[in-house]
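Following: one structure in structure tokens, then a few remarks.
There are 2 protein chains.
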Amino acid sequence: MATINDVARRAAVTPATVSYVLSGKNSVSEKTRARVLAIVEELDYRPNLVARSLVRRRTFTLALLLPDIANPFYPEIVRAVEGIARGCGYHLLLCNTGSDPLLGRTYLREMAGRRVDGLLAFEGGLRVSDLSAAERRGMPVVLCNWEEQQEHDLPSVDLDFWQGGALAARHLLALGHRRLAVVVHGASGGPPAHCRRFEGFQATLAAVGLPWSDHGVFYGDSTLQSGYRAAEALLGCPERPTAVFATNDLMAMGVMEAAGDHGLCVPNDLAVIGFDDIFLGTHVRPTLSTVAVPKDELAARAMELVLRLIEGEQPEPLHISVQPRLVVRRSTAAPGMVPAAAADERRTPDRTPVGLTPGC
Amino acid sequence: MATINDVARRAAVTPATVSYVLSGKNSVSEKTRARVLAIVEELDYRPNLVARSLVRRRTFTLALLLPDIANPFYPEIVRAVEGIARGCGYHLLLCNTGSDPLLGRTYLREMAGRRVDGLLAFEGGLRVSDLSAAERRGMPVVLCNWEEQQEHDLPSVDLDFWQGGALAARHLLALGHRRLAVVVHGASGGPPAHCRRFEGFQATLAAVGLPWSDHGVFYGDSTLQSGYRAAEALLGCPERPTAVFATNDLMAMGVMEAAGDHGLCVPNDLAVIGFDDIFLGTHVRPTLSTVAVPKDELAARAMELVLRLIEGEQPEPLHISVQPRLVVRRSTAAPGMVPAAAADERRTPDRTPVGLTPGC
DNA sequence: CTGAAAGCGCTAACAA
DNA sequence: TTGTTAGCGCTTTCAG
Chain A
49 MATINDVARR
59 AAVTPATVSY
69 VLSGKNSVSE
79 KTRARVLAIV
89 EELDYRPNLV
99 ARSLVRRRTF
109 TLALLLPDIA
119 NPFYPEIVRA
129 VEGIARGCGY
139 HLLLCNTGSD
149 PLLGRTYLRE
159 MAGRRVDGLL
169 AFEGGLRVSD
179 LSAAERRGMP
189 VVLCNWEEQQ
199 EHDLPSVDLD
209 FWQGGALAAR
219 HLLALGHRRL
229 AVVVHGASGG
239 PPAHCRRFEG
249 FQATLAAVGL
259 PWSDHGVFYG
269 DSTLQSGYRA
279 AEALLGCPER
289 PTAVFATNDL
299 MAMGVMEAAG
309 DHGLCVPNDL
319 AVIGFDDIFL
329 GTHVRPTLST
339 VAVPKDELAA
349 RAMELVLRLI
359 EGEQPEPLHI
369 SVQPRLVVRR
379 STAAPGMVPA
389 AAADERRTPD
399 RTPVGLTPGC
Chain B
49 MATINDVARR
59 AAVTPATVSY
69 VLSGKNSVSE
79 KTRARVLAIV
89 EELDYRPNLV
99 ARSLVRRRTF
109 TLALLLPDIA
119 NPFYPEIVRA
129 VEGIARGCGY
139 HLLLCNTGSD
149 PLLGRTYLRE
159 MAGRRVDGLL
169 AFEGGLRVSD
179 LSAAERRGMP
189 VVLCNWEEQQ
199 EHDLPSVDLD
209 FWQGGALAAR
219 HLLALGHRRL
229 AVVVHGASGG
239 PPAHCRRFEG
249 FQATLAAVGL
259 PWSDHGVFYG
269 DSTLQSGYRA
279 AEALLGCPER
289 PTAVFATNDL
299 MAMGVMEAAG
309 DHGLCVPNDL
319 AVIGFDDIFL
329 GTHVRPTLST
339 VAVPKDELAA
349 RAMELVLRLI
359 EGEQPEPLHI
369 SVQPRLVVRR
379 STAAPGMVPA
389 AAADERRTPD
399 RTPVGLTPGC
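For the record, the sequence lines run as chains A and B. Numbered as in my numbering, the first sequence ends at 408 without a single skipped number. Numbered as in my numbering, the second sequence ends at 408 without a single skipped number.
Below you can see the structure in the form of structure tokens.
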């Protein structure tokens with residue numbers, strides 16, 4: 049590939065001049081300017097960004113670290129981040145940590161070697177201490193969507209998880225539910241990983257005089273399967289709840305499946321609400337009510353923050369909170385309600401639609 | 049951040065020596081070796097890969113170009129590619145073309161500027177001519193999963209789409225279906241984008257004396273909604289088909305929803321089979337039968353090919369074909385079959401499980 | 001407005 | 001075994 053020297057020679061100028069016309073930083077006579085540009089065109093010259101990065105000490109590259117791109121929560125986020133980054137002249141290096149702190153640490157080192165201009169770090173597989181070390185090395189770090197409140201002073205863009213839990217609780221209460229259960233990520237006994245969602249939910253119930261009893265708490269690990277298993281335990285309780293809040297959508301979907309397999313109808317025998325608003329939620333039946341994470345907003349705020357940091361600004365505030373949004377679909381309804389469509393359905397009991405399940 | 053010079057100075061050697069101990073290319077006395085390593089540790093020195101790339105003319109970076117990471121087909125692929133790449137010392141630059149040839153072209157230019165070592169290009173938003181240009185600039189290109197047979201001589205790893213269509217047809221035929229329809233991506237009249245899947249399907253039917261009639265072809269654009277609309281047209285036909293082959297899973301899911309909304313039961317009133325084997329397919333009810341694209345294999349072959357090309361080898365063959373696999377789940381069955389579970393279901397018509405729909 | 005020259009941080013002959 | 005030297009391709013003072 050042609051270099052700046054090739055262009056310079058053909059245009060009978062020095063490399064400096066070529067650099068000037070390309071960057072527009074220095075004024076160049078219209079005549080040489082045109083000549084250089086013509087050669088650039090002719091040779092199909094593309095400046096070597098590796099060389100440029102070396103001297104400018106800027107790579108215009110960002111690292112995007114997340115536990116697993118195949119986790120349905122991330123693709124939409126990644127698309128949003130990538131789009132904004134591109135618009136700002138940045139490219140994205142994708143790092144799947146696989147939730148492994150050792151791999152996460154390795155990635156951090158590698159990104160340091162590559163001199164990325166900044167890091168966007170989603171929770172999972174990344175230790176705060178390693179991230180702080182990266183920051184000390186001069187790479188601005190922005191924590192995105194972290195819930196576990198480990199002590200840190202790193203810039204962050206987080207969802208108001210507590211508020212999300214509260215939103216779910218208020219919704220269920222408004223529908224008239226009083227016997228509630230939650231399926232939360234975390235081992236029994238230990239602190240839930242989805243702690244704040246759980247706390248917001250719990251506190252909201254307590255505020256209306258529904259103190260929490262341990263009976264209604266079941267544990268999963270964010271997978272659909274774990275939600276299914278939690279629901280099986282939950283449905284075996286003597287006082288079966290009429291509504292369940294699962295702290296993510298995948299577990300909520302597991303709860304719905306289990307309910308179905310146990311002959312229960314969602315939402316009427318059991319209302320289910322999730323958290324995240326993943327794409328799948330609109331394509332299961334009934335469609336899933338959920339607490340939505342505004343992914344585009346999260347991406348925009350995070351990019352804005354990291355870009356500011358890269359520019360050496362002192363952005364204010366350093367910790368941004370994004371508000372969740374309640375999305376009501378078909379998996380939640382008042383307890384025991386029978387929709388109007390039921391009458392029709394009873395006439396044709398041999399035909400159960402695959403899609404909507406109006407016959408509950 | 050510390051440079052190789054800092055390390056050299058502190059260790060009282062020259063940068064070259066430091067380079068030698070770090071690369072292990074030249075033999076170094078155990079004494080200086082230990083000394084250098086100690087300083088490296090002390091200063092937490094990380095070689096600047098930008099500088100290294102400049103001299104080695106290798107960036108150990110690959111560009112992964114695809115239409116849209118949020119398209120459920122890609123996340124699993126990306127994860128697989130990224131994992132392999134990392135294991136080989138490469139990092140991935142993610143490029144979402146948004147199916148826009150202009151953006152695709154821009155990306156290609158940008159990747160050329162960044163001197164990526166190779167390109168993995170999925171179909172959508174990329175012109176063969178632009179890709180060829182990139183290859184001529186010295187960046188090995190591997191086409192991944194391209195179906196449209198534009199003329200090109202670029203290395204490629206493709207699924208045997210024709211065989212996939214044949215697989216779907218054989219499955220449906222084996223179940224006893226004779227009135228079949230297909231929902232294919234492509235505008236009515238024009239050539240279907242999913243042409244080979246369609247042809248394989250058609251040819252297999254023809255082989256058993258079921259010549260194709262145009263009545264059974266409906267068009268979509270790969271979205272779930274388009275599948276839904278196509279199904280509505282399809283279900284209005286005088287001779288309603290008993291089985292549908294949708295050329296991707298999303299459209300197949302749309303067909304299932306439409307069937308449900310029209311009071312039909314899948315699989316008994318209408319068998320549905322898709323193509324791709326996206327994650328969602330196992331989480332709709334009934335679970336979706338499909339022609340699976342072996343994503344890990346695709347990723348592995350593509351990586352192997354591009355790595356060979358980068359090493360300057362002349363890999364043989366340059367065009368790799370990957371075989372699809374039939375995955376039978378619950379959305380396909382013999383026409384009109386009533387499962388055993390139906391009797392149970394009729395006793396409790398007011399309780400329709402959300403999950404499995406055994407009551408069909 | 002343009003050229004000369006230094007240097008970003010590293011590697012790789014070639015010498016010593 | 002280690003040092004010297006010359007770049008990789010570009011940007012950026014500083015002169016002219």
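Built from N, CA and C at the ideal position, the CB exists for glycine as well.
Classification of residue i by the beta-carbon crowding that lies within 10 angstroms, buried from 16 upward
i	result
A:N119	buried
A:R349	buried
B:G302	buried
B:Q198	exposed
B:S77	exposed
B:A340	buried
B:T62	exposed
A:R184	exposed
B:L346	buried
A:L20	This structure cannot speak to residue 20 of chain A, because chain A is shown only from 49 to 408.
B:G72	exposed
B:S75	exposed
A:L150	exposed
A:V103	exposed
B:N144	buried
B:D92	exposed
Nonlocal neighbours in the same chain, by C-beta distance under 8 Å from residue i, ignoring five residues either side
i	result
B:R105	R163
B:H219	I321, S337, L374, V376 and T380
A:P334	M304, V314, P315, R377, R378, S379, L404 and T405
B:W260	Q250, L253 and A254
Cβ distance (whole Å) where residue i is taken to contact residue j below 8 Å
i	j	result
A:L191	A:P372	17 Å between Cβ atoms; not a contact.
A:E124	A:F327	7 Å
A:G166	A:I358	5 Å
A:L140	B:L318	The Cβ separation is near 43 Å, so there is no contact.
A:M299	A:G264	Going by Cβ atoms, the distance from A:M299 to A:G264 rounds to 15 Å, so no, they are not a contact pair.
A:T107	B:V98	6 Å
A:Y138	A:L168	Actually they are not in contact, since the Cβ atoms of A:Y138 and A:L168 sit about 11 Å apart, beyond 8 Å.
Same chain, Cβ closer than 6 Å to residue i, neighbours up to 5 away in sequence not counted
i	result
B:D178	R153 and L156
B:P203	V190, L353 and L366
B:T295	V232, H233, H242, R245 and F323
A:Y122	L114
B:A59	R83, V84 and I87
Any C-beta of chain B under 8 Å from that of residue i
i	result
A:P387	Note that A:P387 scores a pLDDT of 45, beneath 50, so its modelled location is shaky and nothing firm can be said.
A:R81	no
A:T290	no
A:M299	no
A:Q223	Just to set this straight, residue 223 of chain A is Leu in the shown sequence, not Gln. No, A:L223 does not count as interfacial toward chain B.
A:P95	yes
Close Cβ partners of residue i (< 7 Å) along its chain, the five nearest in sequence each way excluded
i	result
B:R244	E195, F209, W210 and G213
A:L355	C136
B:L70	P95
B:K343	E124, I125 and A128
B:V88	V55
A:P240	V232, H233, G234 and F246
B:E130	L140
A:S270	H233, N296, L298 and M299
Beta carbon proximity, residue i to chain A, threshold 8 Å
i	result
B:S177	no
B:I117	yes
B:G166	no
B:E124	yes
B:P342	no
B:M351	no
B:A160	yes
Q.
Contact between the region 277-291 of chain A and the region 222-236 of chain A is defined here as three or more beta-carbon pairs at a separation below 8 Å; is this criterion met?
A. Output reads yes: the region 222-236 of chain A touches the region 277-291 of chain A.
(Q) For the pair the region 166-174 of chain B and the region 103-117 of chain B, tell me if three or more CB-CB distances fall below 8 Å. (A) Touching, per the Cβ criterion.
Q | the region 296-316 of chain B contacting the region 275-282 of chain B, beta-carbon criterion three pairs below 8 Å | A | Touching, yes.
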